[in-house]
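I have placed the structure first, in the form of structure tokens, so that the comments after it can refer back to it.
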Amino acid sequence: MQLPSLLRLSLGLIVALPTLGGAFPHGATSEAKSTSNDCNRTCLSNIVEQFLDSVVKHDPFSLPLASVYKATENSHAAALTMMTLWRTVTKVTKPNLLAIDSKQGTVYFSLDINEGGITNILRTRLKVVNRKITELEIFVNRYRGEHGFSFSAEELPSNYAVLIEALFATSSDFGVAVSDTCQFTEIGWKVVDTGVYANGTTDPLGCSWPDAHPTDDKARVALVIDEELGFVVTSGMIPGIIYPYQNVSAFIPDAMPTAQEAQDVWYAYAQAQGEGPLVAPAAGMGETLEVLQYYNDELQAMQINVYLNAPNATSLWL
Ligand SMILES: *[C@@H]1O[C@H](CO)[C@@H](O)[C@H](O)[C@H]1NC(C)=O
Ligand SMILES: *[C@@H]1O[C@H](CO)[C@@H](O)[C@H](O)[C@H]1NC(C)=O
Ligand SMILES: *[C@@H]1O[C@H](CO)[C@@H](O)[C@H](O)[C@H]1NC(C)=O
Ligand SMILES: *[C@@H]1O[C@H](CO)[C@@H](O)[C@H](O)[C@H]1NC(C)=O
């Protein structure tokens with residue numbers, strides 16, 4: 025049976041999680057201590073609003089930027105005044121997902137934006153020190169190929185509403201138990217993987233927690249920890265291959281050799297059948313931001329957000 029490639033990709037970054045039960049990872053702790061953050065949830069949420077206003081107004085100068093800031097848009101660095109985002113966006117919604125970490129002064133949010141009449145997905149991590157923005161890690165996913173398989177701007181608001189409205193009992197004991205109702209999404213979409221022979225299930229994939237998964241020993245863990253809503257945001261670089269998949273394509277991490285071999289078999293079969301046109305398999309690097317939500321000691325939601333990069337690409341944030 026064909027294994028859903030991206031679901032398994034999703035587990036690449038869970039290395040971070042066992043540490044959350046007790047002390048935070050070293051990086052997070054020392055960073056939190058070394059920065060002065062008088063910017064509480066209200067203040068951080070206001071900065072997100074200012075960010076979105078500035079985008080629609082095409083006016084990055086209205087932002088409270090630090091004298092030196094670090095910024096990337098779809099993985100490469102640029103001054104905000106030269107970024108595409110501030111040039112093309114004509115409409116934003118309120119964030120459909122907003123994770124706030126007032127200890128570290130970090131936020132992560134995602135929402136639909138409108139560019140030239142087309143709805144795309146914006147997701148951003150900001151870091152704030154002394155009420156000034158010091159880091160902006162911005163991604164705009166414009167269609168399925170940028171993520172490797174999934175995309176749904178249409179379904180994003182309703183799928184993300186489940187996360188942001190959740191009520192839960194506070195717990196400091198993060199386990200890896202998966203709730204029966206755990207919701208799995210990728211770039212707004214509840215992923216339906218019909219299998220490469222198009223004869224599989226039509227049910228959306230649920231969350232799962234297998235032992236075998238891609239890892240990144242340089243993963244950035246605990247980028248945002250929202251203790252109120254139970255969100256944890258982590259990031260890692262996952263190498264893999266972009267394969268033809270039915271008449272589209274799918275990114276399959278190198279750490280999943282069985283799934284890659286199954287795809288090789290199907291590719292040979294499809295070619296023998298004279299199917300096509302098929303995109304040629306090619307190497308790529310999945311720059312991955314993963315959002316997990318825990319409460320009641322169970323995993324309640326997992327979101328995989330990938331932006332595909334060149335083979336062997338690294339991240340400026342490492
Ligand atoms: C944040 O601080 C401001 C004062 O700077 C205060 O008015 C507001 O209520 C605080 N918000 C929260 C959520 O604590
Ligand atoms: C789907 O089709 C493939 C190729 O014909 C076959 O090997 C596989 O068993 C089928 N899967 C299901 C679930 O029917
Ligand atoms: C792929 O093929 C399916 C039928 O199997 C069709 O419904 C769909 O529109 C096609 N997608 C694209 C992008 O051509
Ligand atoms: C990526 O790196 C690996 C090992 O470091 C190397 O074998 C491979 O050729 C590189 N791929 C590309 C496309 O440069």
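Following the numbering used here, the numbering of the sequence shown begins with 25 at its first residue and continues without gaps.
Quick reminder that beta carbons are idealized off the backbone N, C-alpha and C, glycines included.
Pull up the CB-CB distance for residue i and residue j, whole angstroms please, since I reckon it's below 8 angstroms.
i, j, result
"Gln-317", "Gly-254", "5 angstroms"
"Glu-311", "Met-261", "6 angstroms"
"Asn-120", "Pro-181", "5 angstroms"
"Ser-203", "Glu-322", "4 angstroms"
"Pro-88", "Arg-155", "6 angstroms"
Pull the bridge partners of residue i from the DSSP assignment, please.
i, result
"Asn-333", "Met-309"
"Lys-156", "Val-153"
"Val-256", "Ile-249 and Leu-316"
"Ala-274", "Tyr-267"
"Trp-213", "Glu-210"
"Tyr-132", "Ala-123 and Arg-149"
"Ala-325", "Gln-207 and Gln-317"
"Glu-161", "Thr-96 and Arg-149"
"Ile-137", "Val-116 and Asn-144"
"Ala-101", "Thr-96"
"Arg-244", "Ser-259"
"Ala-201", "Glu-322"
"Pro-228", "Val-216"
Which value, in whole angstroms, describes the spacing of the CA atoms of residue i and residue j?
i, j, result
"Gly-172", "Val-215", "12 angstroms"
"Met-326", "Glu-252", "17 angstroms"
"Glu-55", "Gly-141", "Residue placement at Glu-55 is poorly supported in this model, since its pLDDT is 42, which falls under 50; the coordinates still yield a value, given next. Cα to Cα, the separation comes out at about 41 angstroms."
"Asp-222", "Glu-299", "This sequence places Ala at residue 222; Asp is not what is there. Roughly 14 angstroms between the two C-alpha positions."
"Asp-83", "Leu-150", "17 angstroms"
"Met-309", "Ser-174", "16 angstroms"
"Met-107", "Gln-287", "37 angstroms"
"Trp-110", "Tyr-331", "19 angstroms"
"Thr-258", "Gln-297", "42 angstroms"
"His-50", "Glu-285", "Low per-residue confidence applies at His-50: pLDDT is 32, beneath 50, and the placement is therefore not dependable, though the value from the model is reported in the following sentence. The straight-line gap from Cα to Cα measures roughly 38 angstroms."
"Thr-209", "Ile-328", "7 angstroms"
"Ile-188", "Val-315", "12 angstroms"
"Asp-227", "Asn-333", "29 angstroms"
"Leu-313", "Ser-78", "24 angstroms"
"Lys-118", "Val-256", "20 angstroms"
"Val-338", "Gly-264", "Reading the sequence as shown, one finds Thr at residue 338 and not Val. Between Thr-338 and Gly-264, the C-alpha separation is close to 13 angstroms."
"Lys-81", "Gln-74", "10 angstroms"
"Gln-324", "Ala-185", "13 angstroms"
"Val-272", "Cys-63", "45 angstroms"
"Val-152", "Gly-224", "46 angstroms"
"Pro-238", "Ile-276", "10 angstroms"
"Ala-90", "Glu-170", "30 angstroms"
"Tyr-319", "Ala-201", "10 angstroms"
"Val-116", "Ala-101", "23 angstroms"
"Thr-282", "Val-289", "11 angstroms"
"Ala-294", "Thr-112", "40 angstroms"
On a Cα-Cα basis, can you pick out the residue from the options that is closest to residue i?
i, options, result
"Asn-336", "Asp-278, Met-107 and Val-113", "Asp-278"
"Thr-114", "Thr-282, Arg-147, Leu-76 and His-100", "Leu-76"
"Leu-179", "Asn-144, Ile-157, Leu-150 and Lys-156", "Position check: residue 179 holds Glu in this sequence, whereas Leu was assumed. Closest by alpha carbon: Asn-144."
"Ser-134", "Lys-156, Ser-176 and Ala-103", "Ser-176"
"Ile-157", "Asp-227, Leu-104 and Thr-117", "Leu-104"
"Gly-212", "Thr-239, Thr-205, Arg-168 and Asp-240", "Arg-168"
"Asp-240", "Ala-185, Leu-342 and Trp-290", "Leu-342"
"Thr-205", "Asn-183, Asn-64 and Glu-73", "Asn-183"
"Val-220", "Glu-159, Lys-81, Tyr-291 and Ala-90", "Tyr-291"
"Arg-244", "Leu-340, His-100, Val-116 and Ser-86", "Leu-340"
"Val-92", "Tyr-293, Asn-320, Val-72 and Glu-159", "Glu-159"
"Thr-218", "Gln-207, Lys-242, Ala-274 and Val-72", "Ala-274"
Counting contacts by CB-CB distance shorter than 7 angstroms, is residue i in contact with chain C?
i, result
"Gly-300", "In the displayed structure, chain C is absent; only one protein chain is listed."
- Message: Contact between the stretch 117–133 and the stretch 243–261 is defined here as three or more beta-carbon pairs at a separation below 8 angstroms; is this criterion met?
- Response: yes
- Task: For the stretch 111–129 and the stretch 60–69, state whether three or more C-beta atom pairs, one from each stretch, are separated by less than 8 angstroms.
- Result: yes
Point to revise | Contact the stretch 265–272 vs the stretch 290–305: 3+ CB pairs below 8 angstroms | key: yes
inquiry  = Does the stretch 145–165 come into contact with the stretch 95–104, if we say contact requires no fewer than three beta-carbon pairs (one atom in each stretch) closer than 8 angstroms?
reply    = yes
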